[in-house]
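Engineer:
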Amino acid sequence: MLTITKKELIDRIAKSTQAKRALVKDTVQSFLDEIICELAKGNRLEFRDFGILEPRQRAPRTAQNPRTLGRVHVPARQAVRFKAGRLMKQKLNGQNVDI
Numbered sequence: 003m004l005t006i007t008k009k010e011l012i013d014r015i016a017k018s019t020q021a022k023r024a025l026v027k028d029t030v031q032s033f034l035d036e037i038i039c040e041l042a043k044g045n046r047l048e049f050r051d052f053g054i055l056e057p058r059q060r061a062p063r064t065a066q067n068p069r070t071l072g073r074v075h076v077p078a079r080q081a082v083r084f085k086a087g088r089l090m091k092q093k094l095n096g097q098n099v100d101i
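Under my numbering, the first residue of the sequence shown carries the number 3, and numbering increases by one thereafter.
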């Protein structure tokens with residue numbers, strides 16, 4: 003499995019759209035910043051056929067430190083849940099889907 007970085011993704015988009023790399027970089031970064039801002043506000047983001055991002059409240063819990071075996075309190079926190087959309091599920095399961 004390969005890891006694709008934001009830089010590599012920006013380079014691919016710039017090449018395929020023949021747009022300037024700096025413009026693509028600013029656009030991608032603005033898009034990601036907006037996603038973060040909306041999730042921080044508690045809003046759900048839905049991208050048709052790609053998936054849904056929504057903030058979730060994680061309950062407080064008691065965990066165990068593996069080194070000392072002592073109990074540790076883990077406070078409640080926000081997390082992001084991602085649910086894959088229809089086209090993503092089909093593509094990941096090897097079905098022929100035109101994108």
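Just so it is clear, CB atoms sit at the ideal spot from N, CA and C, and this is done for glycine as well.
1) Where do the ends of the alpha helix (DSSP H) carrying Lys-93 lie?
2) With distances taken Cα to Cα, identify the nearest neighbour of Ala-86 among Leu-11, Ala-21, Glu-56 and Asn-45.
3) Just to confirm my understanding: we take Leu-89, look at its own chain, exclude 5 residues before and 5 after, and list those with CB closer than 8 Å. What are they?
4) Write down every uninterrupted run of the beta strand (DSSP E) in the stretch 12-97 whose length is 3 residues or greater and which is fully enclosed by it, in chain order.
5) Among Glu-36, Arg-83 and His-75, which one has its Cα closest to the Cα of Gln-59?
Structural biologist: In short:
1) On the sequence shown, residue 93 is found 91 positions in, with the first residue counted as 1. Unbroken alpha helix (DSSP H) run through Lys-93: 88-94.
2) Stepping through the sequence shown from its first residue, residue 86 is reached at position 84. Closest option to Ala-86, Cα to Cα, is Glu-56.
3) On the sequence shown, residue 89 is found 87 positions in, with the first residue counted as 1. For Leu-89, where only same-chain residues beyond five positions count, the Cβ hits under 8 Å are Asp-51, Phe-52, Val-99 and Ile-101.
4) 47-49, 53-60, 63-66, 73-76 and 79-86
5) Translated into positions along the sequence shown, residue 59 becomes position 57. Closest option to Gln-59, Cα to Cα, is Arg-83.
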